[in-house]
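In what follows, a single structure is set out as C-alpha cells and then discussed.
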Amino acid sequence: MINFDAKAMNQNWTLFLDRDGIINERIVGGYVKKSSQFIFRPDFLEAIFRLRSLFGKVCVVTNQQGIGKGLMTDEDVLQVHHYMINELQKRSIMIDGVYVCPHLESDDCSCRKPKTGLALQAKKDFPDIDFHSSLMIGDSASDIFFGKNCGMRTALVSQETNLPLCHPDYQAANLMDIIDLLIKNNL
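Under my numbering, the first residue of the sequence shown is numbered 551, with each subsequent residue one higher.
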C-alpha cells in the first residue's frame, strides 16, 4: 500500500465517490433501476457528514451500463440520482455533481471508468478541480485505476486483498475505516 502525506488535504480538495457499493447497496447481478431500489449503505450517511467537512467538493462518478443494455433509461438513472440528492439534502448534505457513463464496457468510450472522461466532465463544470488534490473512493479495481489515471489519491473499500495491480493508497473494509485511516495520517 502506498502512503502519502495527507496533511496537505483541505477544502481545496475534491472527493470523487463511486456510487453502487459505496453510497448505496449494490444489487448483485443487477442494477438500481428506480428510486425504491436505492438504499443507502449503513455507514454512508455518517461517513459523508465527516467527508464533507474534509473536502471542498464531492462528485459522484458511476458506470451505469444497464442503460446501454436497455435495462433502464437515462431518465430512470436521473430519477434515482434526484432521489439520492434530495434525501441527502434533507440531511443538509450537498453533492456537487453526479457524472454517469451509460455505455457498455464493449463500447470502449472515453467516459467509462477506468478511463478519465467522467473526471474531465467534472473539471469542465468545476475548473478549479485539481486532480492531484483529489481523492477517489471506490469498491473496485476500475475505481482505483480511474483515480490513478487521473493522478488522484485512491482509497479502496473492500475486504479483498488480492485485487491484481490495484495498489490503492488506502484500503479498508468499510467507509468509516477509510476515514479513520485518513485522519490517522494527519488529514
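Cβ coordinates follow ideal geometry from the N, Cα and C atoms, glycine included.
Rounded to whole angstroms, what is the Cα-Cα separation between Asp693 and Lys663?
If you draw a straight line from the Cα of Asp693 to the Cα of Lys663, it comes to about 6 Å.
Whose C-beta lies closer than 7 Å to the C-beta of Lys698 among residues of the same chain, with five residues either side of it excluded?
For Lys698, where only same-chain residues beyond five positions count, the Cβ hits under 7 Å are Thr704.
Answer with buried or exposed for Met644, where buried requires no fewer than 16 other C-beta atoms within 10 angstroms of its C-beta.
By the neighbour-count rule (16 or more Cβ atoms within 10 Å), Met644 is not buried but exposed.
If we require 3 or more residues per run, which beta strand (DSSP E) segments fall completely within the region 644-712?
Every beta strand (DSSP E) stretch that sits fully inside the region 644-712 and reaches 3 residues is listed by chain position as 647-651, 684-688, 703-707.
Keeping to the same chain, check which residues put their C-beta closer than 7 Å to that of Ser738; ignore five residues upstream and five downstream.
Nothing about residue 738 can be read from this structure; the chain reaches only from 551 to 737.
Consult DSSP for Leu621 and reduce its assignment to one of helix, strand or coil.
Assigned with DSSP and collapsed to three states, Leu621 falls in coil, not helix or strand.
So which of Gly580, Arg576, Ser690 has the shortest CA-CA distance to Arg591?
Among Gly580, Arg576, Ser690, the Cα nearest to that of Arg591 is on Arg576.
Span of the alpha helix (DSSP H), counted from its first residue to its last, around Lys734:
Counting along the chain, the alpha helix (DSSP H) containing Lys734 begins and ends at 725-734.
State the start and end residues of the unbroken alpha helix (DSSP H) segment that holds Phe590.
Where Phe590 is concerned, there is no enclosing alpha helix (DSSP H), given that its DSSP letter is neither H nor E.
Taking 8 Å as the threshold (C-beta atoms), are Leu604 and Ile745 in contact?
Because the chain in this structure spans residues 551 to 737, residue 745 falls outside the shown range and cannot be described.
Segment contact flag, the region 605-616 with the region 724-735, C-beta cutoff 8 Å, min 3 pairs
Contact fails: fewer than three Cβ-Cβ distances are below 8 Å.
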